[in-house]
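Participant: Taken in order, these protein sequences are the chains called G and C. Numbers 109 to 214, taken from my numbering, label the letters of the first sequence in order. Numbers 461 to 822, taken from my numbering, label the letters of the second sequence in order. Every residue, glycine too, gets a C-beta built ideally from N, C-alpha and C.
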Amino acid sequence: MTRIEEHPILGTFEKGKKVQFTFDGKTIEGFEGEPIAIALRANGILIHRYTTRRNEPRGVFCAIGRCTDCIMVVDGVPNVRTCVEPLREGMAVETQMGKGSQKASE
Amino acid sequence: MRRIEMVSVGAGPAGLAAAIEAARCGMQVVVYDENEKPGGQLFKQIHKFFGSREHYASTRGFRIGVGLLDQARELGVEVSLHSVVLGIYENRTLNVMIRDQIEQVKAERLLVATGASENMIPFPGWTLPGVIGAGAAQTMANVHGIKPGKKLLMVGSGNVGVVVAYQMLQAGCEVAAIIDAAPKIGGYGVHAAKVARYGVPFFMSHTIKEARGKECVEGATIVQVDEKWKPIPGSEKDLEVDTICIAVGLNPMTKLTQMAGCKMSAVPKLGGMVPAHDENQQTTVPGIYIAGDVSGIEEASTAIIEGRIAGLAIARSMGYLEEESFQQKRNEQAASMRSLRSGSHGDARRVAKEYLNAVMKG
Chain G
109 MTRIEEHPIL
119 GTFEKGKKVQ
129 FTFDGKTIEG
139 FEGEPIAIAL
149 RANGILIHRY
159 TTRRNEPRGV
169 FCAIGRCTDC
179 IMVVDGVPNV
189 RTCVEPLREG
199 MAVETQMGKG
209 SQKASE
Chain C
461 MRRIEMVSVG
471 AGPAGLAAAI
481 EAARCGMQVV
491 VYDENEKPGG
501 QLFKQIHKFF
511 GSREHYASTR
521 GFRIGVGLLD
531 QARELGVEVS
541 LHSVVLGIYE
551 NRTLNVMIRD
561 QIEQVKAERL
571 LVATGASENM
581 IPFPGWTLPG
591 VIGAGAAQTM
601 ANVHGIKPGK
611 KLLMVGSGNV
621 GVVVAYQMLQ
631 AGCEVAAIID
641 AAPKIGGYGV
651 HAAKVARYGV
661 PFFMSHTIKE
671 ARGKECVEGA
681 TIVQVDEKWK
691 PIPGSEKDLE
701 VDTICIAVGL
711 NPMTKLTQMA
721 GCKMSAVPKL
731 GGMVPAHDEN
741 QQTTVPGIYI
751 AGDVSGIEEA
761 STAIIEGRIA
771 GLAIARSMGY
781 LEEESFQQKR
791 NEQAASMRSL
801 RSGSHGDARR
811 VAKEYLNAVM
821 KG
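Quick look at the structure:
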């Protein structure tokens, strides 16, 4: 949907094989090895977490692993920088609530 | 503890160029980079560089990156990825976290080429998903092949703002506008003209008042500012955008050099606090050199030359290069640099660099 099919300068993008993973329990698809955040964005998912005190949504900001705004719970581990963490088959990605309790388990 | 003749922190254009020069003289060189891939930001730059042929004119950034990497590999430079240099301690001892292991390293000579990070401006709604750095937009589109959004607002008309706005058009996004609080476009005319030809409006003397939206960006309100940069009530405009890119400048990533005790100096023209350094890129701490954006915000082409000068100076200081040969090679690079640091944009940077050299001499 938001993926660039044919780039005027770069042509087509080399991607890994298509894999399935879950976002808050729902099965979606992405390409192996690309950052989790990219696969989520391709599925129209922009909200990665809600802040501790004000419960405000946060998403990708720097996309290079520096700002840590995009952290989520991945395979049960909180605070994973999804903009640099490569996607693998069968990963369980969850919206992070505050410092790391999981939305899905609430 | 592992002993290494030369360590570069950062595998961007400056770090790689320095590594190549030193390795060519016979030095053992290890380049650490925290990222999954080397090349720094070069691989995101798909526009053609300009200048003369020796400055890679009309070569696209990512091709320059491929060339530097190939050269480094041929010369036996070890590029260690997923490697975060956590700290610099006495006598150039480093702690490096390589994946999840921490290694101690002693570097005979150390080059810090950590680059820069983006500046940000806070405004109501700036934390909403959909507000991103211009660098993030570039990373998404040019590295990962995904559109950051459907319709974007670019805040900032410097080179990063206009170049990334053009790249967003190439990626198939709409660009609603480029705004800047300054009265004049900051970037090179060539880049700005390319975006203007697509019909993208420039709103000069405008700033962002608010990012609107409940859970994500649904729109932006911009407002005109007076000559004192104060918002003019009633001049607000609403733009329908789902993404807001912030391109309001860069600042040198100097934390490691500060930790190492390098003398710092505030130079606004170079992006903020920068380590003082001499004409060979050496800081006030003997054996620690800097090159590229960490030594003052400039461009990839100047970063490469600074890297080369640092690499040559390091090789000379370790006895891998004869004085005569060093002088000759160094002069070639210095001449090349002079032509890049000329003109209305370059002159100011040259003056700022000369100031830093003077600070170095105390």
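Which bits of chain C does G/T94 rub up against, with CB to CB less than 7 Å?
Facilitator: Only positions 109 to 214 of chain G appear in this structure, which leaves residue 94 of chain G out of reach.
Participant: Looking only at C-alpha atoms, which of C/V603, C/A641, C/A795 and C/L535 sits nearest to C/I692?
Facilitator: The option with the nearest alpha carbon to C/I692 is C/A641.
Participant: Using CA coordinates, which residue listed in C/E783, C/P608, C/K669 and C/V635 is at the minimum distance from C/F662?
Facilitator: C/F662 has its Cα closest to that of C/V635, out of C/E783, C/P608, C/K669 and C/V635.
Participant: Using a Cβ-Cβ cut-off of 6 Å (strictly less than) and excluding sequence neighbours within five positions of C/A763, which residues of its own chain qualify?
Facilitator: Closer than 6 Å at the Cβ level, and outside the excluded window around C/A763, lie P473, A474 and G752.
Participant: Do three or more CB pairs link the stretch 567-585 of chain C to the stretch 740-752 of chain C at distances below 8 Å?
Facilitator: The answer is yes - the stretch 740-752 of chain C touches the stretch 567-585 of chain C, with three or more Cβ pairs under 8 Å.
Participant: Applying a beta-carbon distance threshold of less than 8 Å, which residues of chain G neighbour C/G590?
Facilitator: Those within 8 Å of C/G590 in chain G are L154 and G167.
Participant: Got a sec, what are the start and stop residues for the beta strand (DSSP E) C/L613 sits in?
Facilitator: It spans K611 to V615 - the beta strand (DSSP E) in which C/L613 sits, taken as one unbroken run.
Participant: Identify the residues that DSSP records as bridge partners of G/F131: which are they?
Facilitator: Looking at the DSSP assignment, G/F131 forms a beta bridge with G/K134 and G/V201.
Participant: What residues from chain C crowd round G/G117, counting only those whose CB sits closer than 8 Å?
Facilitator: Per the sequence shown, the amino acid found at residue 117 of chain G is Ile instead of Gly. Here the neighbours are I506, R520 and Q630.
Participant: Could you tell me the boundaries of the alpha helix (DSSP H) in which C/Y749 lies?
Facilitator: Element bounds for C/Y749: not the alpha helix (DSSP H) but the beta strand (DSSP E), I748 to I750.
Participant: Is the Cβ of C/T574 closer than 9 Å to any Cβ of chain G?
Facilitator: Not one chain G Cβ lies under 9 Å of C/T574.
Participant: How about C/L541 and C/A471: are their beta carbons less than 9 Å apart?
Facilitator: Contact flag set, yes.
Participant: Taking 9 Å as the CB-CB limit, is C/G822 close to chain G?
Facilitator: It does not; no Cβ of chain G falls within 9 Å.
Participant: Using a Cβ cut-off of 9 Å (strictly closer), state whether C/K611 contacts chain G.
Facilitator: Not an interface residue.
Participant: Just to confirm, are C/A532 and C/I480 a CB contact at a threshold of 9 Å?
Facilitator: Result yes, Cβ atoms of C/A532 and C/I480 sit closer than 9 Å.
Participant: Counting only Cβ-Cβ distances shorter than 7 Å, please list the residues of the stretch 613-627 of chain C near chain G, keeping chain order.
Facilitator: Residues: none.
Participant: Where do the ends of the alpha helix (DSSP H) carrying C/S761 lie?
Facilitator: Note, C/S761: alpha helix (DSSP H), A760 to S777.
Participant: Does the contact criterion of 3 or more C-beta pairs under 8 Å hold for the stretch 495-508 of chain C versus the stretch 776-789 of chain C?
Facilitator: Verdict: no, contact absent.
Participant: If you check the beta carbons only, do G/A145 and G/C175 fall under 9 Å apart?
Facilitator: Taking 9 Å as the Cβ cut-off, G/A145 and G/C175 do not qualify as a contacting pair.
Participant: C/E766 and C/Q742: beta carbons closer than 9 Å?
Facilitator: In this structure, C/Q742 does not lie closer than 9 Å to C/E766 by Cβ.
Participant: Beta carbons nearer than 7 Å to chain G: which residues of the stretch 674-703 of chain C have them?
Facilitator: The stretch 674-703 of chain C vs chain G, Cβ under 7 Å: E675 and C676.
Participant: Determine whether the beta carbon atoms of C/K654 and C/V622 lie at a separation below 9 Å.
Facilitator: Contact: yes.
Participant: Using DSSP's beta-bridge definition, name the partner residues of C/H424.
Facilitator: The requested residue 424 of chain C is not part of the displayed model; chain C covers only 461 to 822.
Participant: Return helix, strand or coil for C/T599, following the three-state DSSP convention.
Facilitator: In this structure, C/T599 counts as helix in the three-state DSSP scheme.
Participant: Starting from G/V185, trace the beta strand (DSSP E) in both directions and tell me its first and last residue.
Facilitator: Segment V185 to R189, the beta strand (DSSP E) holding G/V185.
Participant: Please report how far the alpha carbon of G/L194 lies from the alpha carbon of C/A596, in whole angstroms.
Facilitator: Sequence check: residue 194 of chain G is Pro here, not Leu. Their Cα atoms are separated by approximately 17 Å.
Participant: Mind checking which residues open and close the alpha helix (DSSP H) that includes C/K789?
Facilitator: Here the alpha helix (DSSP H) through C/K789 covers E783 to L800.
Participant: Does G/A212 come within less than 9 Å of chain C when only Cβ atoms are used?
Facilitator: The predicted model places G/A212 with a pLDDT of 47, which falls under 50 and marks its position as unreliable; any figure quoted below should be read in that light. By this cut-off, G/A212 is not an interface position.
Participant: Could one say the Cβ of C/N711 lies closer than 9 Å to chain G's Cβ atoms, at least one of them?
Facilitator: No, because no Cβ of chain G sits closer than 9 Å to the Cβ of C/N711.
Participant: To the nearest angstrom, how far is it from the Cα of C/A601 to the Cα of C/F583?
Facilitator: If you take the alpha carbons of C/A601 and C/F583, they lie about 25 Å apart.
Participant: Closer than 6 Å by C-beta to C/G593: which residues in its own chain qualify, once you throw out the five before and the five after it? Chain order, please.
Facilitator: Counting only Cβ-Cβ distances below 6 Å, and skipping sequence neighbours, we find E578 and I706.
Participant: Please list, in chain order, the chain G residues whose beta carbon lies closer than 7 Å to that of C/A594.
Facilitator: Within chain G, no residue comes near C/A594; the closest Cβ sits about 10 Å away, beyond 7 Å.
Participant: Expressed to the nearest angstrom, what Euclidean distance is found between the alpha-carbon atoms of C/A818 and C/A808?
Facilitator: Between C/A818 and C/A808, the C-alpha separation is close to 15 Å.
Participant: Return the CA-CA distance between G/G173 and G/R189, expressed in angstroms with no decimal places.
Facilitator: About 6 Å.
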